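When we follow this note's numbering, the leftmost residue of the sequence shown carries the number -16, and every step to the right adds one.
Idealized CB from N, CA, C, for every residue including glycine.
Since we're looking at a predicted model, the values are computed, not measured.
Accompanying notes for the structure given below.
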Amino acid sequence: MELYELTAHKLHELLVEKKTCSVEITSSIYQRIEKLDKKINSYITLTKELALEKARTVDKKIGKGEKIGPLAGIPIAIKDIISTKGTRTTCGSKILSNYVPIYDATVIEKLKKENAVILGKTNMDEFAMGSSTENSAYGVCKNPWDTSTIPGGSSGGSAASVASDLASMALGSDTGGSIRQPASMCGIVGLKPTYGRVSRYGLIAFASSLDQIGPITKDVKDTAILLNIISGHDSMDSTSVLEDVPDYTAHLKNDAKNLKIGVPKEYFVKGIHKDVEREVLNSIETFKKLGARILEISLPHTEYAVAAYYIIAPAEASSNLARYDGVHYGYRSIKSEIRNPKSEISSIVDMYERTRDEGFGNEVKRRIMLGTYALSSGYYEAYYLKALKVRTLIKNDFDEAFNKCDVILTPVSPTPAFKIGERISDPLQMYLSDIFTIPVNLAGLPAISIPCGFSSDGLPIGLQIIGKPFDEGQILRIAYTFEQNTDYHLKKPNL
Ligand code: GLN
């Protein structure tokens, strides 16, 4: 196998045994990026010089016989919504096309302390709004399994880079499914941690009560390793929780005996693609054979989740995105490009309007309008407050279910990857891609997507395992058990 194909834990072994060095690993990945990323478009910005410098530092340490951590010298890609000091961070938007953060997000500080090698910043839907990575000001990202289809979104660049061996691992962010849905469509592993598990400091905000950063990797062990590093309380994020961080790799045991797995009946309804249904039901059979007990459960408010999310997330976004005014950050309209190319800016309000009109894409504008409307006086009670009540009901459904079972198994996305352009002009259709992932964010729970099969067209299908709050260890164990007994995670796209 080539170096670029290997998992982070395998690369770590080779580094420790001195069978390779980080410069060799890093160079093998950049060579592949230079050859293939024109086809995939998974990166917005590459940081090759910085990466090689870091790789050389790690190689020196190894040469001197110093002990290295599990991520030292390992190439990792970062979703372009996570602030990186000195490296442009665009959020997939024109409005941040020239924005260079002056500080690192906490997760980046942690990775740097571990001497991980940051390859660059990955493509994404603008401000993480989308399910297909088509809403990017830097061009559509493609699914490596079939480049006429989308890689999922919004962390499509992170997922596509890992699936095409253009990164050993990656970080994404998940507000309503943006780690799990692209991981599922690209045939790799993606975990959304419990809300509060990972610091959001330096994660550019979309919907602050839902956003979480998490790992996107080639296998479950790599997810556990990366989660170990990024988790933990941070005084810079008051929503990060003072809960101990266990060693997640210690949970990786091949054992599902007597495990109580809940399967919600509301998740197997009309509209789910027959291949997705077949593969998820097969996975349930696999768990039965491994000694797990399967229980039918009910999450009765599931049908309201998408509607509640599309009030709450845009409401928070409309407030979070108010800061992009052409003064504080990024792009500023100097002359109007849209209305009258020759007219000069006439006032500050005119400048705000033009900056936002030119800087934001259509989906972001739609969300700002939706959110502003839902929060406006007279409508607040009818929409926003109502949505918050629904959110509580959804959370209660899960609490109730977890009285009976240890974890919940569901599909990740109702369909495999769809064609580029297929849903872009039909936002409601697009929003329904996240019907199985959104309830998890509304309830603040941890959930993982792991590869569990393929469609008749050869596109990957994912299985979602949802856990109790801060029970990432349990879902990792179950995911690991599934992986040890199947080989879907070993399949690679033919690029
Ligand atoms: N697709 C959902 C949205 O558009 C979720 C995105 C996300 O998780 N960032 O809002």
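Next item on the list: Below 8 Å CB to CB, which residues in the same chain sit around Y293 once its five sequence neighbours on both sides are set aside?
Entry: L353, Y414
Next item on the list: At 4 residues or longer, and completely inside the segment 247 to 302: list those alpha helix (DSSP H) runs for me, N to C.
Entry: 257 to 272
Next item on the list: Please confirm whether K93 and I208 have their CB atoms less than 7 Å apart.
Entry: no
Check: Grouping DSSP H, G and I as helix and E and B as strand, with all else coil, what is I458?
Finding: helix
Notebook entry, point to check: Just the Cα atoms here: how many angstroms apart are K348 and Y362?
Noted result: 19 Å
Next item on the list: Measure from the alpha carbon of K236 to the alpha carbon of each residue in N477, L(-11), S151, A462, then state which is nearest.
Entry: A462
Next item on the list: Pick helix, strand or coil for A207, following the three-state DSSP scheme.
Entry: helix
Next item on the list: Check whether the segment 390 to 407 touches the segment 105 to 120, taking contact to mean three or more Cβ pairs, one atom from each stretch, closer than 8 Å.
Entry: yes
Note to self: Please list the terminal residues of the continuous alpha helix (DSSP H) segment that includes M107.
What the structure shows: Counting along the chain, M107 falls outside any alpha helix (DSSP H), and DSSP gives it neither H nor E.
Note to self: Considering only the alpha carbon of each residue, which of D108, I444, L102, I16 lies closest to T67?
What the structure shows: L102
Check: Do V203 and S214 come within 7 Å of each other at the CB atom, strictly closer than that value?
Finding: no
Checklist line | Beta-carbon spacing of S182, D217 below 7 Å | finding: For the pair S182 and D217, the CB atoms are nearer than the 7 Å cut-off.
Notebook entry, point to check: How many angstroms separate the CA atom of C74 from the CA atom of S416?
Noted result: C74 and S416 have their alpha carbons spaced roughly 21 Å apart.
Notebook entry, point to check: I27 and Y121: beta carbons closer than 7 Å?
Noted result: Yes, Cβ-Cβ distance for I27 and Y121 is below 7 Å.
Check: Who sits around the ligand GLN, taking every residue whose Cβ is closer than 6 Å to one of its heavy atoms?
Finding: A111, M112, G113, S114, S137, D157, T158, G159, G160, S161, F189, A296, D417
Notebook entry, point to check: Between T269 and L278, what straight-line distance do the alpha-carbon atoms span, to the nearest angstrom?
Noted result: 14 Å
Item checked: Cα-Cα separation, L210 to P198 -> 7 Å
Next item on the list: Run the CB neighbour count on L473, radius 10 Å, all protein chains shown included, and call it buried at 16 or more, exposed below.
Entry: exposed
Notebook entry, point to check: Cα separation between E455 and N241?
Noted result: So the two alpha carbons sit approximately 18 Å from each other.
Check: At what residues does the beta strand (DSSP E) containing Y26 begin and finish?
Finding: 26 to 29
Note to self: Quick check for students: name the residue ranges of the alpha helix (DSSP H) that lie wholly in the segment 143 to 215, counting only runs of 4 or more.
What the structure shows: 163 to 169, 203 to 213
Next item on the list: Report yes if the CB atom of Y312 is closer than 7 Å to the CB atom of G342, and no otherwise.
Entry: no
Margin query: Comparing C-alpha positions only, which one of D382, G445, Y367 sits nearest to T420?
Written below: G445
Note to self: To the nearest angstrom, how far is the alpha carbon of D470 from that of I433?
What the structure shows: 11 Å
Item checked: alpha helix (DSSP H) runs wholly inside the segment 385 to 470, at least 4 long, in chain order -> 410 to 414, 421 to 426, 455 to 467
Notebook entry, point to check: Could you give the distance in angstroms between the alpha-carbon of S223 and the alpha-carbon of Q457?
Noted result: 20 Å
Checklist line | 8 Å contact criterion, which K104 and I61 should meet: CB distance rounded | finding: 6 Å
Check: If you compare alpha carbons, which of D63, Y367, P422 is closest to D382?
Finding: Selected option, being the one with the closest Cα: P422.
Checklist line | Residue burial classification, K43 (beta-carbon count within 10 angstroms, cutoff 16) | finding: Under this definition K43 is an exposed residue.
Check: Is there contact here, the segment 127 to 145 with the segment 153 to 163, by at least three beta-carbon pairs under 8 Å?
Finding: yes
Next item on the list: May I have the straight-line CA-CA distance separating L459 from I328, to the nearest angstrom?
Entry: Computed Cα separation, rounded: 55 Å.
Next item on the list: For E341, name the three-state secondary structure that DSSP assigns.
Entry: helix
Next item on the list: Would you grab the beta carbon distance between M557 and T89 for me? Rounded to a whole angstrom, and I think it's under 8 Å.
Entry: No answer is possible for residue 557: the residues shown for the chain start at -16 and end at 478.
Item checked: Alpha-carbon spacing of A384 relative to D108, whole angstroms -> 33 Å
Check: Does DSSP classify N126 as helix, strand or coil?
Finding: strand
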